[in-house]
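Set out below in structure tokens:
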């Protein structure tokens, strides 16, 4: 999860550095434009000057190409993060369309292999087998419960940590999800209105609103309908299976509704940035005299994107930290043990990073290696 958040943060930050205004800055657009001129122009032919229409046209086309390629990279990176994270179906080696009988049979085979009583008695292997068995048991219990399976497909692993007695049926989970999502989209819509009125360019305003609306409609459909009854379900399943068979080490074998929403949310943010970066520059005929104004305007956009990204990453990290500490709430003994273990871990980290300790460890390892070579 931490790797996923980090890759998402770097993906958003990359939007601030790939585009380049018409200035001698070492960004991807300017670098590719210089390489293009060295590749296609005959030797001795001077390249077009920045103040000429030909240079501006080439720069605009290369800029669109760079932004499009990076948008595709963002999509592929999101799919790869989902593949690395996995889900309960991949853990049990079943598909979202597998029946309860298939899930039970697969769990019995895996339980016979990873049950703690079936492995060696060493502490490390027994602990690892116990963790795997507990995870397999959680996956099996979740997928064999129709209500929990419906909720897991739409909300992800976080649903296994929710302990609300009133959530029993599919209808309960749907209403709870709608109540949780309504403030999120209302705040996003309000923020987008404010940004469009104050900071973001007017060009592409409709498409920003359209992207948010499509995301809201998509989440509403996935939350309130069975995935098999959606018109795009069979097509998306076919495309996902075909893509996975082509790139099995890069793309996931299937996409659950909550995974589709993760990709849609990332693409929505990336598309908003993409549209803002594609906004035409004002005053094309006076580009040479308006570079400072363009730089200032773009820096404001980049600072806004970075601030929004940092706030989202901070909120997600805080949620993950609170989720990780949930088992220790209300238990003073476990909380004290966690605190002591964290202190010990910090102390051991400081000790291991000390140069004198590293030198001593290297000395001992070198001595042992020499002794082993003599014997």
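Numbering (the numbering used here), first residue to last: 651 to 1025.
Even for Gly, the Cβ is constructed at its ideal location relative to N, Cα and C.
Proximity of the region 723-738 to the region 905-923 meets the contact definition, three or more beta-carbon pairs being nearer than 8 Å. Collapsing the DSSP output to three states places residue 857 in a helix. Spanning the alpha carbons of residue 842 and residue 874 requires a straight line of approximately 26 Å.
Assigned with DSSP and collapsed to three states, residue 816 falls in coil, not helix or strand.
Take residue 712, set aside five residues on each side of it, and the residues of its chain with a beta-carbon closer than 8 Å to its own are 679, 682, 683, 686, in chain order. The alpha helix (DSSP H) runs lying completely inside the region 672-711 and spanning 4 residues or more are 678-690, given in chain order. The alpha-carbon separation between residue 698 and residue 716 amounts to approximately 20 Å. Taking 8 Å as the cut-off, the beta carbon of residue 801 is found closer than this to the beta carbon of residue 823. DSSP places residue 749 outside both helix and strand once states are collapsed to three, so it counts as coil. For residue 897, no alpha helix (DSSP H) run applies, since DSSP gives it neither H nor E. Assignment of residue 873 by DSSP, reduced to helix, strand and coil, places it in the helix class. Residue 806 has its alpha-carbon roughly 33 Å from the corresponding atom of residue 951.
In the DSSP assignment, residue 1013 falls within the unbroken alpha helix (DSSP H) covering 1005-1024. For residue 801, the enclosing alpha helix (DSSP H) begins and ends at 796-805. A buried status is given to residue 869, since no fewer than 16 other beta-carbon atoms sit within 10 Å of its beta-carbon. With 16 or more other Cβ atoms from the protein chains shown falling within 10 Å of its own Cβ, residue 902 counts as buried. The beta carbon of residue 714 lies closer than 8 Å to those of 928 in the same chain, with the five residues before and after it left out.
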